[in-house]
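Residue numbers (this note's numbering), protein chains in the order written: chain A, 1 to 268; chain B, 269 to 635.
Cβ coordinates follow ideal geometry from the N, Cα and C atoms, glycine included.
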Amino acid sequence: MTEVADPVAGGNAGMGTQYLEVRGLTVDFDGFKAVNDVDLTLFQGDLRFLIGPNGAGKTTVIDAITGLVTGSGSVNKSGMELVGKKVHQIARLGVGRTFQTASVFEQLSVLQNLDIAAGASRSWWTLLRRRNGVLPVIEEALDTIGLTGLADKPAGVLAHGQKQWLEIGMLLVQNADVLLLDEPVAGMSAEEREETGNLLRRIGSERTVVVVEHDMDFMRAFATSVTVLARGQVVAEGSVAEVQANPKVQEVYLGTAAEGTPDSEGGQ
Amino acid sequence: MRSILGRWQTWAGFGIAAVLLFGLAPAVLSDFRLSLFAKFLCFAIVAVGIGLAWGRGGMLVLGQGVFFGLGGYMMGMHLKIADAQIRGNDVPDFMQIAGMKSLPSYWTPFASPAFTLLAIVVVPTAIAAVLGLGVFKRKVKGAYFAILSQALAAALAILLVGQTTLGGSNGLNRFRTFFGFTLNDPVNRRMLYIIAAATLLIVVAVARQLMQSRYGELLVAVRDGEERVRFLGYDPANVKVVAYTVAALFASVAGALFAPIVGFIAPSQVGILPSIAFVIGVAIGGRTTLLGPVLGAIGVAWAQTLFSERFPSEWTYAQGLLFIVVVGFFPAGLAGLGVLFRRRRRPGPGTTDPDQEPETEKVGATA
Numbered sequence: 001m002t003e004v005a006d007p008v009a010g011g012n013a014g015m016g017t018q019y020l021e022v023r024g025l026t027v028d029f030d031g032f033k034a035v036n037d038v039d040l041t042l043f044q045g046d047l048r049f050l051i052g053p054n055g056a057g058k059t060t061v062i063d064a065i066t067g068l069v070t071g072s073g074s075v076n077k078s079g080m081e082l083v084g085k086k087v088h089q090i091a092r093l094g095v096g097r098t099f100q101t102a103s104v105f106e107q108l109s110v111l112q113n114l115d116i117a118a119g120a121s122r123s124w125w126t127l128l129r130r131r132n133g134v135l136p137v138i139e140e141a142l143d144t145i146g147l148t149g150l151a152d153k154p155a156g157v158l159a160h161g162q163k164q165w166l167e168i169g170m171l172l173v174q175n176a177d178v179l180l181l182d183e184p185v186a187g188m189s190a191e192e193r194e195e196t197g198n199l200l201r202r203i204g205s206e207r208t209v210v211v212v213e214h215d216m217d218f219m220r221a222f223a224t225s226v227t228v229l230a231r232g233q234v235v236a237e238g239s240v241a242e243v244q245a246n247p248k249v250q251e252v253y254l255g256t257a258a259e260g261t262p263d264s265e266g267g268q
Numbered sequence: 269m270r271s272i273l274g275r276w277q278t279w280a281g282f283g284i285a286a287v288l289l290f291g292l293a294p295a296v297l298s299d300f301r302l303s304l305f306a307k308f309l310c311f312a313i314v315a316v317g318i319g320l321a322w323g324r325g326g327m328l329v330l331g332q333g334v335f336f337g338l339g340g341y342m343m344g345m346h347l348k349i350a351d352a353q354i355r356g357n358d359v360p361d362f363m364q365i366a367g368m369k370s371l372p373s374y375w376t377p378f379a380s381p382a383f384t385l386l387a388i389v390v391v392p393t394a395i396a397a398v399l400g401l402g403v404f405k406r407k408v409k410g411a412y413f414a415i416l417s418q419a420l421a422a423a424l425a426i427l428l429v430g431q432t433t434l435g436g437s438n439g440l441n442r443f444r445t446f447f448g449f450t451l452n453d454p455v456n457r458r459m460l461y462i463i464a465a466a467t468l469l470i471v472v473a474v475a476r477q478l479m480q481s482r483y484g485e486l487l488v489a490v491r492d493g494e495e496r497v498r499f500l501g502y503d504p505a506n507v508k509v510v511a512y513t514v515a516a517l518f519a520s521v522a523g524a525l526f527a528p529i530v531g532f533i534a535p536s537q538v539g540i541l542p543s544i545a546f547v548i549g550v551a552i553g554g555r556t557t558l559l560g561p562v563l564g565a566i567g568v569a570w571a572q573t574l575f576s577e578r579f580p581s582e583w584t585y586a587q588g589l590l591f592i593v594v595v596g597f598f599p600a601g602l603a604g605l606g607v608l609f610r611r612r613r614r615p616g617p618g619t620t621d622p623d624q625e626p627e628t629e630k631v632g633a634t635a
């Protein structure tokens, strides 16, 4: 394994050539443009935060990239066009995501969750036999997310933070190199946030990580670059300092602060 | 690891079941009771499939009568042709009465025993695979899937009633021989029981392998989070269609055994009521376990025989009430009660965990 570098702004900390290029992405819900002509360019090794007021279309951007909602425009992952493909096909091309509410398989053990995540390309012959031992890649992931000791516990008994880490672990063994995380630290304690941030740092250098987040302290502590969305459009993009200094960003937040409720994301 | 112990337990479980089914039951039961028990075993075979598709896969299959009927009718057609051939007739007795002089063209291949056995396996499998893919790829699930499968059962039953070449509402009955063996002979009826019991053991073994394999884990994942599985790169439709098809195959084989064992197959075995009866046994026994459906199906069928003789109308209400109580208050069925009691001592986030290691020792309660 190569030396682990921290993610850097603009990406390419791991010297990789993977990228995700979003051009003119538009999602139209019966005339309401939840996402309007969004451009994003992400290189491997970038830890990009996607922020914006409620209803800005952050989650919808992720939904459109992963095929959950149909968008128009172009999403190009290292030369492969994703728009128009089905959810499971996009996942097989290495795009993984988490959800605002942790959605692990609660009846299955942590190990089973990871084993399923690692197995999308298994043959029927392998599937019809019993799981035997633990794959090295899963052991590594268990170590990375710090759940080795809980591997045989049902995922349903995990704490909220642990479930989110398990989901991130599932993305790792799924071999996703584009990770789209929807509010991974919502509802976490300060300690758990810290650990999650460090986890993102650890995995972020070799992958492209996009984090949708409301927590500004968390963003300031861990983001290498930030994109600000408002009303479905990109308002600003750059480093944390650049974005914070941008008057348009301040306007967007102050202008809509009185409207929305603080913890629900619009444009599902 | 408990895998070695687990393997030993499994063999012991199958061994005990074999002793009970092949040794004890034929020794203590009268010929009449043994035939009755053979019929229950047919229902149990259907139940194993429902346990897989519904309990593990989350597909409420309310129309297994369709596949049960397909298997039963195909076997029935062969038996009727064979009987007619022995008597030197061109057509079965009921066609003679109806004034038919030659076999309808779709009957003729069923003169061959090999073709019949093959068709009992292939036809329902193919139908279930095509139907399942069509339905699951369109993301039809939950109550919509249940209603659809039930509508199919109703449609097939209505279709069969109108077919004079299949005996109409009487169906096919009065079978005299089974692949050359006279069905009047108690020894041959005993052989039929042995075949049903052996088939049940095979079916349980297949279901067990499916449930404990990686596929089984994936099936539970699809049941609990179909959309989530999609984001891991799987097409859930492909996962579901396998369990659905296996369940259909089990039902067809059960129907094919039911016809010679009970001596008839009729639209009344195909429609909505028998299809729901299959599901009731599974729900009461515990749909997510391996053996709960088997014991539930046998128990309900046995109770039905026992009580419906004395209280024919009350039994229907009692059965309905039992179903509501179990589904409403004990979703894991009777098999789940044991788990519930064991968990009492360990309070915590109360996951009922329908993914328990199947309890092999419960085979002992079969007889």
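query, result
"Residue ranges of each beta strand (DSSP E) within the stretch 41–120 of chain A, 3 or longer", "47–51, 72–77 and 95–97"
"Residue-level contact to chain A via CB, D299 of chain B, 8 Å cutoff", "no"
"Min CB distance I65 of chain A to chain B below 8 Å", "no"
"Amino acids of chain A, ordered along the chain, whose beta-carbon sits closer than 7 Å to that of A489 of chain B", "F105, L108 and I116"
"C-alpha distance - W279 of chain B paired with A315 of chain B, whole-angstrom precision", "22 Å"
"Chain B within 8 Å of M219 of chain A, Cβ atoms only", "no"
"Nearest candidate by alpha-carbon position, reference K409 of chain B, set B:V359, B:A422, B:L330 and B:L297", "B:L330"
"Three-state class that DSSP yields for Q233 of chain A in the structure shown", "strand"
"Within chain A, the residues that G326 of chain B reaches when beta carbons sit closer than 7 Å", "Here the premise fails: no neighbours, minimum Cβ distance about 11 Å."
"Closest residue to S74 of chain A among A:A141, A:K33, A:D115 and A:L40 (Cα-Cα distance)", "A:L40"
"Under 8 Å between C-beta atoms of V212 of chain A and L82 of chain A", "no"
"Any alpha helix (DSSP H) of 4 or more consecutive residues that is wholly inside the stretch 526–602 of chain B", "540–553, 560–578 and 580–597"
"Contact between the stretch 431–446 of chain B and the stretch 343–355 of chain B (3+ Cβ pairs under 8 Å)", "yes"
"Contacts of A91 of chain A in chain B (Cβ-Cβ under 9 Å)", "R498, F499, L500, G501 and Y502"
"Bridge partner(s) assigned by DSSP for V507 of chain B", "BP columns for V507 of chain B are empty, so no partner."
"Beta-carbon gap between A515 of chain B and L309 of chain B smaller than 8 Å", "no"
"Boundaries (first-last residue) of the beta strand (DSSP E) holding D182 of chain A", "V178 to D182"
"Within 8 Å of chain A by C-beta, residues of the stretch 452–486 of chain B in sequence order", "Q477, L478, Q480, S481, R482, Y483, E485 and L486"
"Rounded Cβ spacing between I116 of chain A and A489 of chain B (contact assumed at less than 8 Å)", "5 Å"
"Helix, strand or coil at Q268 of chain A according to DSSP, with G and I counted as helix", "The pLDDT assigned to Q268 of chain A is 38, lower than 50, so where the model puts this residue is not dependable, and the model offers no usable value."
"W583 of chain B to L68 of chain A span [Cα, whole Å]", "49 Å"
"Whole-angstrom C-beta distance between G531 of chain B and L338 of chain B, which should lie under 8 Å", "Their Cβ separation, rounded to whole angstroms, is 19 Å, which puts L338 of chain B and G531 of chain B out of contact at 8 Å."
"Classification of V296 of chain B by the beta-carbon crowding that lies within 10 angstroms, buried from 16 upward", "exposed"
"Same chain only: Cβ atoms within 8 Å of S78 of chain A, ignoring 5 sequence neighbours per side", "T17, Q18, Y19 and L20"
"Y374 of chain B (DSSP reduced to helix, strand or coil)", "coil"
"Residue interval of the alpha helix (DSSP H) (run including V210 of chain A)", "Per DSSP, V210 of chain A belongs to no alpha helix (DSSP H); it is in the beta strand (DSSP E), T208 to V212."
"Cβ shell of S303 of chain B (< 6 Å), same chain only, five flanking positions each side left out", "R457"
"Members of the stretch 343–377 of chain B that neighbour chain A once the beta carbon cut-off is set at 8 Å", "none"
"Neighbourhood of K58 of chain A by C-beta, 7 Å cutoff - its chain only, sequence neighbours within 5 removed", "L50, G52, V212, L229 and E265"
"Chain B contacts from the stretch 125–142 of chain A (Cβ-Cβ distance under 8 Å)", "T126, L127, L128, R129, R130 and R131"
"Own chain residues within Cβ distance below 7 Å of T513 of chain B, not counting five before or after", "T393, A396, A397 and G400"
"P528 of chain B burial status per 10 Å Cβ neighbour count (16 or more: buried)", "buried"
"Touching by the beta-carbon criterion (3+ pairs, under 8 Å), the stretch 474–481 of chain B and the stretch 101–109 of chain A", "no"
"Beta-carbon proximity of Y412 of chain B to A306 of chain B, cut-off 8 Å", "no"
"Beta carbon proximity, G493 of chain B to chain A, threshold 8 Å", "yes"
"Short Cβ contact (8 Å threshold) for G325 of chain B with A511 of chain B", "yes"
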